[in-house]
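To start, the structure under review is shown below, and the notes come after it.
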Ligand code: ADP
Ligand code: MG
């Protein structure tokens with residue numbers, strides 16, 4: 006995975022002669038799809054937060070990222086924007102011919118699944134229905150969940166328990182997966198989902214990008230590394246918790 010961090014973010018604006026400190030990065034510096042920028046503008050978000058500034062270029066470059074930053078620091082968009090950008094880019098190149106679930110977002114609770122799904126709705130609002138997503142952690146008739154998964158939504162949001170259950174029943178297909186996100190990874194482990202993560206990790210095709218976020222990560226890093234980074238490539242670790 007090549008690292009391709011835009012210069013503006015590494016060094017600040019080259020023509021900013023006023024000070025030696027880097028200029029505050031803007032969303033424009035991140036080179037995101039214009040439909041995502043429209044959504045960002047409609048939310049009136051002026052600048053990316055520090056974790057977004059650091060994580061988005063790495064994620065766009067295809068890197069695995071483990072980001073630690075405090076609650077409320079904007080971690081959702083730090084993974085969601087690069088994820089949506091990658092999906093839009095693939096849709097543009099394959100003409101959306103094949104419906105395929107390419108992203109799985111794992112969260113510790115149903116409540117967080119609802120929140121993340123809300124963010125998906127907001128930030129795909131200008132994609133003209135081009136990105137399909139499903140939250141499968143809601144309480145509903147299993148036949149309904151199964152039917153929603155059968156549509157092969159681009160993005161599935163779930164607790165690891167639901168994801169591994171539907172994987173076992175062959176309703177959730179992970180063979181086309183390109184991105185795996187584990188949001189609040191420490192809670193996911195502390196809520197007893199390690200076995201489900203194990204099931205999911207062994208089912209992943211090679212080359213899936215992994216992005217994990219958390220407010221706190223201590224010993225959990227070792228468990229996540231053993232599960233998802235057993236050999237060579239290790240994730241970029243961003244620590245903005247200070
Ligand atoms: P975390 O997951 O780190 O706890 P969230 O991703 O839930 O944080 O974001 C916290 C709040 O900040 C949300 O209401 C979100 O919409 C808002 N937010 C995220 N990014 C930005 C930004 N760049 N500018 C302004 N507000 C933002
Ligand atoms: Mg969060």
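Residue numbers (full-length UniProt numbering): 6 to 247. Every residue, glycine too, gets a C-beta built ideally from N, C-alpha and C.
Once the 5 residues before and after residue i are set aside, which same chain residues still bring their CB inside 7 Å of it?
i: residue 213; result: 182, 183, 184 and 185
i: residue 48; result: 127
i: residue 87; result: 61, 64 and 65
i: residue 242; result: 71
i: residue 205; result: 165, 168, 169 and 172
Considering Cα atoms alone, identify which of the options is closest to residue i.
i: residue 203; options: 216, 228, 223 and 191; result: 228
i: residue 56; options: 73, 150 and 36; result: 73
i: residue 141; options: 90, 170, 38 and 32; result: 170
i: residue 246; options: 89, 218 and 144; result: 218
i: residue 37; options: 89, 105, 28 and 124; result: 89
i: residue 119; options: 178, 188, 41 and 136; result: 188
i: residue 112; options: 54, 34, 162 and 130; result: 162
i: residue 28; options: 41, 103 and 52; result: 52
i: residue 93; options: 135, 82, 84 and 178; result: 135
i: residue 209; options: 196, 233, 199 and 198; result: 233
i: residue 215; options: 43, 190 and 105; result: 190
i: residue 166; options: 129, 39 and 201; result: 201
i: residue 178; options: 39, 192 and 158; result: 158
i: residue 85; options: 172, 199, 99 and 44; result: 44
i: residue 54; options: 82, 46 and 244; result: 82
i: residue 125; options: 174, 194, 244 and 160; result: 160
Quick one: give me the first and last residue of the beta strand (DSSP E) that residue i is part of.
i: residue 244; result: 241-244
i: residue 4; result: Any answer about residue 4 is impossible in this case: the structure gives the chain only from 6 up to 247.
i: residue 187; result: 184-187
i: residue 5; result: Examination of residue 5 is not possible in this model, given that the chain is present from 6 through 247 alone.
i: residue 71; result: 70-73
i: residue 140; result: 138-140
Please classify residue i: is it buried, with 16 or more other beta-carbons within 10 angstroms of its beta-carbon, or exposed?
i: residue 76; result: exposed
i: residue 237; result: exposed
i: residue 149; result: exposed
i: residue 110; result: buried
i: residue 223; result: exposed
i: residue 103; result: exposed
i: residue 225; result: buried
i: residue 144; result: exposed
i: residue 146; result: exposed
i: residue 108; result: buried
i: residue 97; result: exposed
Apart from the five residues on each side of it in sequence, which residues of its chain come closer than 8 Å, Cβ to Cβ, to residue i?
i: residue 155; result: 176
i: residue 239; result: 69 and 230
Among residues of its own chain, excluding the 5 on either side of residue i, which ones have a beta-carbon nearer than 6 Å to its beta-carbon?
i: residue 6; result: Per-residue confidence for residue 6 stands at a pLDDT of 39, beneath the threshold of 50, marking its modelled position as unreliable; no derived number is given.
i: residue 153; result: 139
i: residue 196; result: 113
i: residue 115; result: 142
i: residue 180; result: 210
i: residue 39; result: none
i: residue 99; result: none
i: residue 129; result: 136
Tell me where the alpha helix (DSSP H) around residue i begins and ends.
i: residue 153; result: 147-155
i: residue 95; result: 80-99
i: residue 195; result: 190-195
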